[in-house]
Structures are given as C-alpha cells and as structure tokens.
Amino acid sequence: MSNNSKLWIVTDLDGTLMDENYDISPARNTLNLLRELAIPVIPCTSKTASEVRFFRNENRLLDPFIVENGAAVYGCHENNTSEWELLLGKSYKELRIILMNISEKVNYHLTPLNDLNNNQIFELTGLSDQGIKRALDRQWSVPFLNPPDEIFEKVKLICESYDVHVFKGNRMSHLLSNESHKGKAVNKLKLYLNNKDVKVVALGDSQNDLPLLEYADISIVVPGINGPNKYLQNGIDKGSFRLANAPHAQGWSNSVEDIINNINDL
208 MSNNSKLWIV TDLDGTLMDE NYDISPARNT LNLLRELAIP VIPCTSKTAS
258 EVRFFRNENR LLDPFIVENG AAVYGCHENN TSEWELLLGK SYKELRIILM
308 NISEKVNYHL TPLNDLNNNQ IFELTGLSDQ GIKRALDRQW SVPFLNPPDE
358 IFEKVKLICE SYDVHVFKGN RMSHLLSNES HKGKAVNKLK LYLNNKDVKV
408 VALGDSQNDL PLLEYADISI VVPGINGPNK YLQNGIDKGS FRLANAPHAQ
458 GWSNSVEDII NNINDL
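This is the structure we're talking about:
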C-alpha cells in the first residue's frame, strides 16, 4: 500500500459489503476497479484478525485492516511475509471479566459468543466450522448475545465506570475498551503511514460503525433490505451521512463508483 494514497475506502464488512449470507458478488467489479486505480480498500470491522486475513486472501486485498471494532490495526511489511500491529484496546481476558461483573449488576446473564457451542453459533451466524473457529479467535473484544433493549440501556450506563463501551450490531453486541474505536483506529493508521492528508471514505450499516462514519471525510450508510439502521438515521437526516441507493454490496458498489467518477471534486 502506498503511503501517499490520496483516497482510502474504509469499510465495514458484515451488512455493508456483505449481505446476511456473506455474499459480496455485486461489488466484485468495483473491488477490481479500485485495485486497478491503486485505491486502498481497508476493512474496518467487528471481525477478528483471523477472519479478515481469510477474507483478504479470498478477495485479493493487500491493504491494512482494522479488527474487533477498532481495537487493533494490522498490515503487511513490504516483504509481505510478516505483519505489523497497532493496538488500542484491552485484552479479551480483561473484558471478559468486566462483562461478567456487568451481568451481575444488571441481574441478567450476558452470554459471550465464545460460550456457545458450534450449533448455536451456526444458527446465529450461518458460519461453517472453520468460519466459527476464526470468529472465536478474539483478542480485543467480547461479542455477546443481544439482550433486551431495557437491559442494554442499563449495560451502557454501567460501562462508564469500567472504561469500556458497548455497541449493538445486527447479530450481537460487543464489549470493548473505550480506547477501541473505529475512528481512532483509522487516525492511528494515518499517523503510522504518515499520510495525514488522505481523504477517508467510510461505509457502514450499524451502530458500531458510528465512530467511523463520524470520523470520515465522506460517510455512507449502506441500508439493509428494510432500510437504514435506526441508530444512523439521525446522521442521514442531518445530511452528515449519505444513504446508499441499494442494500449491501450493490449499494456499496454504486456509492463507491459514484465517488470514483467524481474523484476530481474531492
């Protein structure tokens, strides 16, 4: 990846570039075009590093990537045989203890994804056994089953005293350190690559993408089949976020190609 790229496409994966069946096929031509134009595509996702490495290999992506909701940033050294790592957050072990403490305080068992068996995880995610193994390779965040809304609101309040925060995604919620933040992670990558002037185009679909969308120069909300996520509606209404014109990979592709076609206006 060139350190002086003028534009970065920083994208969430689940629900944004991928649909609920993990299909990205409507965006493949756009990904090829970005590769030809040497415009980096930087995954910024709740997925683990193991999951994103697999995704990058499948889709011939070579650029850095941000994992576990902004808890860590990875990229390849120039020889492409080893990785560098930038860390922002607390460890899984620390966060797991905090989640159990919060469970006691709200009098509701917050169930970590890693406590489920493979059948339960398959029902929730549709992942294969190998996909489940990669998803459970958590280092910097604790995903847990979505609790009822009133419990989630209590959890959010208690988090402040533990220096952590929670996001509710489409399939599950995530507990992570206050330092873990998709926007801060992008900024850390900018500084690491000494590319502070790069324009960041961000694409996301759910509440855990807010820190990224609020940080970016151009922010695009990719809707689901039933429309945009309610937590992102305010940004759309205010005009801070653009709304893609189709769900998932098709909307992603249309929005990114529109930006490429008007790249001289940036």
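In the numbering used here, the protein residues as written are 208 to 473. Every residue, glycine too, gets a C-beta built ideally from N, C-alpha and C. Owing to the predicted nature of the structure, the values given are computational and were not obtained by experimental measurement.
Item	Value
Length of the line joining the Cα atoms of L317 and Q337	25 Å
Residues bridged to H381 [DSSP beta-bridge criterion]	P350, F374
Under the three-state DSSP convention, the category F272 falls into	strand
Beta carbon of K254 nearer than 8 Å to that of V274	yes
Collapsed DSSP secondary structure at S460 in the structure displayed	helix
Beta-carbon spacing of D344, S257 below 8 Å	yes
S368 - DSSP class collapsed to helix/strand/coil	helix
CA-to-CA distance, L382 to C283, given in whole angstroms	27 Å
Rounded distance between the beta-carbons of A451 and P430, thought under 8 Å	6 Å
Option nearest I470 by Cα separation, candidates F359, N264, I425	I425
Cβ neighbour criterion (16 or more within 10 Å) applied to I304	exposed
DSSP state of G222 mapped onto helix, strand, coil	coil
Enclosing alpha helix (DSSP H) for G442 [first to last residue]	440 to 445
Identity of the residue in N276, L269, L268, V248 nearest L419 by Cα	N276
Counted within 10 angstroms of its Cβ, other Cβ atoms place S460 as buried (16 or more) or exposed	buried
Rounded separation between Y369 and S298 - CA only	14 Å
Cβ neighbour criterion (16 or more within 10 Å) applied to T288	exposed
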